[in-house]
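K.L.:
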Amino acid sequence: MTATDQAARQADLLRLARRRAGAGPARTAPAPAGSARTGSVPAGQTAEGPVPLSHAQQRMWLMDRLGQGGAGYHVPLATRLRGPLDTEALAAALAALTARHAVLRTRYGQRGDHPYQEAAPATPVPVPVLPATPEAAPALLRTEAGRPFDLAAGPVLRALLLRHGPDDHTLLLTLHHIAVDGGSLPVLAADLAALYRAALTGQPADLPPAGPQYADYARWERSRAAELAAAADTWAARLTGARPVPLLRPVPPGPGARPAALHTAPLTPETLDGLRRLGTRHGATLFTVVLAAAFATLRLATGEPDLTVGCASGHRARPELRRTVGLSVNTLPVRADLSGEPTFTEALTRVRSALLDAQERRDVPFDLVVERLGAAARGEGGHPLLAVSCDLVRPAGALALPGLAAEAVDIDLGLAKFGLALLVEDGPRPRCLVQHDVAALDEAAAGRLLTGFADLLTAVAADADRPLAGLPAAPGRWSGPDRTGGPAAGPDHPAVGALLADPRIVEAAVVAAEGRPALAYAVVRGPASPSGTELRAALRHRLPADRLPAAVTLVDALPRHPDGTVDRARLPGAPAARESGALAAVRTVFGELLSGRPTADADFFHLGGHSLMAVQLAERLRARTGLPLTGLDVLEQRTPRALAGLLDTRAAERRAATAARPTGHARPAARHRTTRAGTVLLTGATGGVGAAVLQELIAQGRPVRALVRPESAHLVAANGVEAAEGDLADHDSLRRAVEGVDAVIHAACTFTEHRTDLAAMRTLVDGWRGGEFVFVSSVDAYGRPAAADVPEGAPAEAPVSPYGQTKLDCERILLAAAGTGGRGAGTVVRSPIVWGPHRRLRDQLRWGSTGALYQAALAGRPIVLPTPAADGHGWYGASWVHSAALARAVVGCADGTGRASGRTVNAVTGQVAWAELAAELVRLLGSPSAVELRADAEPELRRPWHYRAEALADLLRPEPGEDWRSVLAAMVR
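Oh and the sequence shown: position 255 is 251 in our numbering, straight run, nothing missing.
1. Going straight from the alpha carbon of Arg138 to that of Val71, what length do you get?
2. Whole angstroms are fine: how far does the CA of Pro122 sit from the CA of Val927?
3. Mapping DSSP to helix, strand and coil, what is Gln106?
4. Please name the residue, chosen from Ala890, Gly493, Thr293, Ala221, that lies closest to Leu453 on a Cα-to-Cα basis.
5. On the three-state DSSP scale, how would you describe Pro127?
6. So what does DSSP say about His489, is it helix, strand or coil?
7. Tell me whether the beta-carbon of Ala89 lies closer than 8 Å to the beta-carbon of Ala222.
8. If you measure between the beta carbons of Arg427 and Ala238, is that distance less than 8 Å?
9. Measure the Cβ-Cβ separation of Gly179 and Gly310 and say whether it is below 8 Å.
10. Quick one: is Thr197 buried, meaning 16 or more other Cβ sit within 10 Å of its Cβ, or exposed?
11. Buried or exposed: which applies to Ser729, given that a residue is buried once 16 or more other Cβ atoms fall within 10 Å of its Cβ?
12. Once the 5 residues before and after Leu467 are set aside, which same chain residues still bring their CB inside 6 Å of it?
13. Please go through the same chain and pick out, in chain order, the residues whose beta-carbon is closer than 8 Å to the beta-carbon of Ala814, but skip the five residues on each side of it.
14. Buried or exposed, going by whether 16 or more other CB atoms sit within 10 Å of the CB of Arg532?
15. Kindly indicate the opening and closing residues of the beta strand (DSSP E) around Thr900.
16. With a CB to CB cut of under 6 Å and the five nearest residues on each side skipped, what residues in its chain are close to Ala62?
17. May I have the straight-line CA-CA distance separating Tyr975 from Ser385, to the nearest angstrom?
18. Fully enclosed by the region 739 to 794, which beta strand (DSSP E) runs are 3 residues long or longer?
19. What are the start and end residues of the alpha helix (DSSP H) that includes Trp871?
20. Between Val963 and His834, how many whole angstroms is the CB-CB distance? I'm expecting something under 8 Å.
21. Within this structure, are the beta carbons of Val886 and Arg826 separated by less than 8 Å?
22. What's the gap between the Cα of Gln838 and the Cα of Leu921?
23. Taking the beta carbon of Pro265 as the centre, do at least 16 other beta carbons fall within 10 Å, making it buried, or is it exposed?
24. Mapping DSSP to helix, strand and coil, what is Thr863?
25. Around the C-beta of Leu352, are 16 or more other C-beta atoms found within 10 angstroms, so that it is buried, or is it exposed?
26. Since Gly577 contacts Leu590 with CB under 8 Å, what's their CB separation in whole angstroms?
27. Using a 10 Å radius around the Cβ and a threshold of 16 neighbouring Cβ atoms, would you call Asp438 buried or exposed?
28. Roughly how many angstroms lie between the CA atoms of Leu929 and Pro858, to the nearest whole one?
29. Relative to the alpha-carbon of Val548, which residue among Leu554, Ala565, His557, Ala518 has its alpha-carbon at the smallest distance?
30. Please go through the region 252 to 304 and give each complete beta strand (DSSP E) segment of 3 or more residues, from N-terminal end onward.
31. Can you tell me which of Val830, Ser845, Ala903, Glu936 puts its alpha carbon nearest to the alpha carbon of Trp960?
32. Look at the alpha carbon of Val908 and the alpha carbon of Thr746, and state the distance between them as a whole number of angstroms.
33. Rounded to whole angstroms, what's the CA-CA distance from Arg220 to Val325? Just pull it up for me.
34. By the three-class DSSP mapping on this structure, what secondary structure does Ile501 have?
35. Taking the Cβ atom as the reference point for each residue, do Leu323 and Val285 lie within a distance shorter than 8 Å?
36. Can at least three beta-carbon pairs, one atom from the region 48 to 58 and one from the region 200 to 215, be found at a separation below 8 Å?
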């Protein structure tokens, strides 16, 4: 099937999906009287355009912005399907599902300080099909389920179909938690089954009326701001004095996943029956009994009678929301008092009362409560009040499709949302589970908790009238982290010796001014060096509280006097005779967002700061200082002084990079006064190609302005790079970014949003004045030439893929404008497959145009390749370029020498036959796969073309390590 055929088929599927999604029987009953009463969610009120996020969505968005979301907030649904599966009907059903539920096609942007959501038009949902053995399926499913989402670009739903045999498949749907919750999944499963049946039969889908769109709910929740604020005040007052469960170690805030360990113990069906009977006798649900058992276990493990545990609660008690798909959950803090020596029955009564009290306020977003609690919402180490959770769960259900036998497939991504979760699974094989963040709790302690929790559940099912003290529990009580040990005091402060005891620390110093908290500084060695927050967390275990530094800041070297002693006055953030500009700016912004201008050493959390405020504070400081800063930096540094020290360090890095750049570039008088002479605007700087171009520009000493999203600004902050916040869809940000620069390298691309790519190119070209403009294009713009030898700049030959056509249209926009209106020359650099060490390039190897070969080798199944002689060609394979070579070529086109000005040139390192590539993948992966040459091989592999690359040959000449076997080995590792 050609690309044109595929596009036409996708359009037909979309039209069919839209027709079926809206063609269900008219079942809507008349609206009951009073349906517009206060508290009811109005349906059908959402207009086109941006809508505020619900509070639950905003939590998810913040976690993503702070780099603390990741795959822990992915919702994978996998089902083994046996029988005749119609893949076209499945694709139509998924398209109709997203047409019916707008939240499945919603994107999440930001304007000013506030995020928003906006539904995109309904489009087909791609359903890639990969052949895979059942044995290889688990690894493929985990990889796909863990693949990151881009909430700003979408989509938040993706599909993958593994084909084990003609009538044996595994379907994986992966959704982001910002779009769904547990209550949404049965609705989605039922709707998908009905839509699949409709696609099979050609009949209208037998669907009940959909609930309100989730955006209707979000708008309604935001309209109750005053009511919710008053309720949050009341709830915060009830939580006065509550502290996190004293079981967990402090976990420093930081980006990336939180690896989890899961411990399980079986429970007998008789135990669960006994727990149900116990609940019935005391007017409690099974969940309430499990929650009481969790409280009892924690009481016995910690010795603390006043405990607060988090529980999930939904808004689906409202009838109008029962068929709404979206994130309709809230976190409830349940605070129970188990003081004295109560029996378990008495503890159950207290926990039941506490849970009912919390459920009366289930509509009140917990983030509002956290704002009011301020520092009280966190423990001494900064971990949250609700670090421990409890739940009653059930095994995942299967996506049952008509005519197929369905079996649920479990996918455990091994990630934690809470520091500790105590769970009971109610199903055919009941069990007790303890999941924990491996950084917050060690395996031995978790094992003791599991044993104690399971034994206690078993005991109270048989006899609930025993005192807690007489119930089985984890042996011994938790004594908390050891804070008494540690090395002897260092030469001037005990923190110095404690830091130097870590083999990763080369040098350390402490500044302790009179009346101010001590500040520590460390020089680290090695690539896997700890952060300052991690080092401070470690010091908590080794130093008394009154000797603990307020922050640990990492520096490249300690500044020293001529006699070799440390010059503490030159350390970033150290107390000085007068307040530095950075510290003044930080304190001012703190004061704008918090109550009153704080002292230099005031703690962000103690002042009432929270995650959204950290993002807002970072954005204001970025705007005022012009330095890269993220909300995560605020959470890590916490005090104005430490934050100012970080800003001073980044300013010094920028000054050093500016001083090191080559001189002699004349600066046109018309340039914007804040732009450095010779500045190159680079788009896509955090992508696989753009990152390599950025490194080449830095190596050549070129001043760089990089267009990046705010959450990625820290990724380009080194070496004096100027971060210009924005993206391809934000035209105002593009205009600001291109203003005053001396050259443009446009390497960014959405790959799928062709209108966005074209509009972005027009905006950049409109704002471009003077200097070179280099566009990183693709050999896909050549289409499918009749001749295998393709010279540089040859005309396109049909068919041209949609992606290739977009590149071609962007090239025409650039070349038509080049040399007009004071603009310089335009150059198009077309690249083939790009290989290199960047993670996005590794992902493209696994899932892009070579993905079929890689996945076949990974799964150990035959690698099917086309036979070249079948249609007169002697060779099929891929042209490729190393990312570093492409970067040299692109930067060389922007150096003002005019080596390729006004031309379309190619950047190619070499060609690799498919058979060679397949054999190397088999070797690197240790795969048993055999290569088969067949006429029915994937048509996209029929690529006979060799693209000439003569204009830039000197820049593309491979350097050591840039041969295809070496780079492939680095990417597969």
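Yeah, the Cβ is synthetic: ideal placement off N, Cα and C, and Gly gets one too.
P.N.:
This is what the structure holds:
1. 12 Å
2. 28 Å
3. strand
4. Thr293
5. strand
6. coil
7. no
8. no
9. yes
10. exposed
11. buried
12. Leu452, Ala455
13. Phe769, Gly820, Ala821, Gly822, Gly898
14. buried
15. 900 to 902
16. The sequence shown places Leu at residue 62, rather than the Ala named in the question. Here the set comprises Gly627, Leu628.
17. With the chain covering -3 to 969 only, the question about residue 975 has no answer from this structure.
18. 739 to 742, 769 to 774
19. Per DSSP, Trp871 belongs to no alpha helix (DSSP H) and is neither H nor E.
20. The pair is not a contact, with the Cβ atoms about 11 Å apart (cut-off 8 Å).
21. no
22. Residue identity differs from the one stated: residue 838 is Arg in this sequence, not Gln. Rounded to whole angstroms, Arg838 to Leu921 spans 14 Å at the Cα level.
23. exposed
24. coil
25. exposed
26. Actually they do not touch by this definition, with Cβ atoms about 20 Å apart.
27. exposed
28. 10 Å
29. Ala518
30. 256 to 262
31. Val830
32. 27 Å
33. 17 Å
34. strand
35. no
36. yes
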